[in-house]
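Notes for the one structure printed next.
2 protein chains.
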Amino acid sequence: MSRTHDHSGILKKVKDEIPSDELICDLADLFKLFGDTTRAKILFSLFESEMCVCAIAEFLGMTQSAISHQLKVLRDANLVGSRREGKTIYYFLADDHVRIIIDMGFEHLIEEREGR
Amino acid sequence: MSRTHDHSGILKKVKDEIPSDELICDLADLFKLFGDTTRAKILFSLFESEMCVCAIAEFLGMTQSAISHQLKVLRDANLVGSRREGKTIYYFLADDHVRIIIDMGFEHLIEEREGR
DNA sequence: TTATCATATGAATGGTTGTTCATATGAAAG
DNA sequence: CTTTCATATGAACAACCATTCATATGATAA
Chain A
1 MSRTHDHSGI LKKVKDEIPS DELICDLADL FKLFGDTTRA KILFSLFESE MCVCAIAEFL
61 GMTQSAISHQ LKVLRDANLV GSRREGKTIY YFLADDHVRI IIDMGFEHLI EEREGR
Chain B
1001 MSRTHDHSGI LKKVKDEIPS DELICDLADL FKLFGDTTRA KILFSLFESE MCVCAIAEFL
1061 GMTQSAISHQ LKVLRDANLV GSRREGKTIY YFLADDHVRI IIDMGFEHLI EEREGR
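Residue numbers (the numbering used here), protein chains in the order written: chain A, 1 to 116; chain B, 1001 to 1116.
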């Protein structure tokens, strides 16, 4: 079938073990959320305490609109939650998974730098 | 200074604790690598065993060129390594961090689904 | 109700990035 | 040396995405 050299043995093995396309896509979509500097900074900010939109915007030196758009992305993915207090809406981390995933990334970065 | 309501207290606290811009960018760049379906599939394939470029291409039903481009990205980030055997070049996972980071993502996905 | 403050949102834009196509490299076999 | 096989690479194109601008929503205060 293939015009290249044979590797049917490996292909069969990998095909049996690899997760479904859907699962891999969902996983890629999750990591994509952490793969933007602005979103990463927002998440780091929320590590310390809940914050309102304009506080995040001021802190990051960015437009309220830009932050609001990104918060929507994070909220749609259930990474952050929000609560209203008067006119202000406070955002916070939805759970501790965010911390754990980011910490893993950090460990990789640090060990890679030590390795050099 | 700000035309909005005051949040200087929170800003000071967050500013003290948040990592440097450079570190956050590096972290975002790392997660970006996992945020593409093709790269994620390549990494999952290499979980099982080392593979040559054309085996991965055949397995994923994609062009050799597309895979080669992505392997370069992964190799530049030290997530995969390669070795030559005759005409063939085999790629493999550089270390176990890749597995750990991906497993963390999986855990989050699974727990999120249970939560619903 | 009207004005104001905090946030949300739609459309447009600019920049990034994954894939393709054509071609180049480089090792091994003849 | 020449051909072939496996992989790499550069340029071009298309799709995606983050930001901006203008405006809308929605709650509160007057």
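Note that beta-carbon positions come from the ideal geometry of N, C-alpha and C, so glycine has one too.
- Counting only residues of its own chain and dropping the five nearest sequence neighbours on each side, A:R99 has no CB closer than 6 angstroms to any other CB.
- A straight line joining the alpha-carbon of A:F44 with that of A:L11 spans about 41 angstroms.
- A:E107 is classed as exposed because its beta carbon has fewer than 16 other beta carbons within 10 Å across all chains shown.
- Ranked by Cα distance from A:C25, the first of B:E1022, B:R1039, B:S1020, B:D1029 is B:R1039.
- According to DSSP, A:G81 shares a beta bridge with A:F92.
- The alpha-carbon separation between A:M51 and A:L109 amounts to approximately 28 angstroms.
- Per the DSSP secondary-structure output, B:M1051 pairs in a beta bridge with B:Y1091.
- Counting along the chain, B:I1110 sits inside the alpha helix (DSSP H) bounded by residues 1097–1115.
- Against chain B, a Cβ distance below 9 angstroms from A:L93 picks out nothing, because the smallest value is about 13 angstroms.
- A straight line joining the alpha-carbon of A:E22 with that of B:D1006 spans about 45 angstroms.
- One alpha carbon belongs to A:E58, the other to A:D95, and they sit about 24 angstroms apart.
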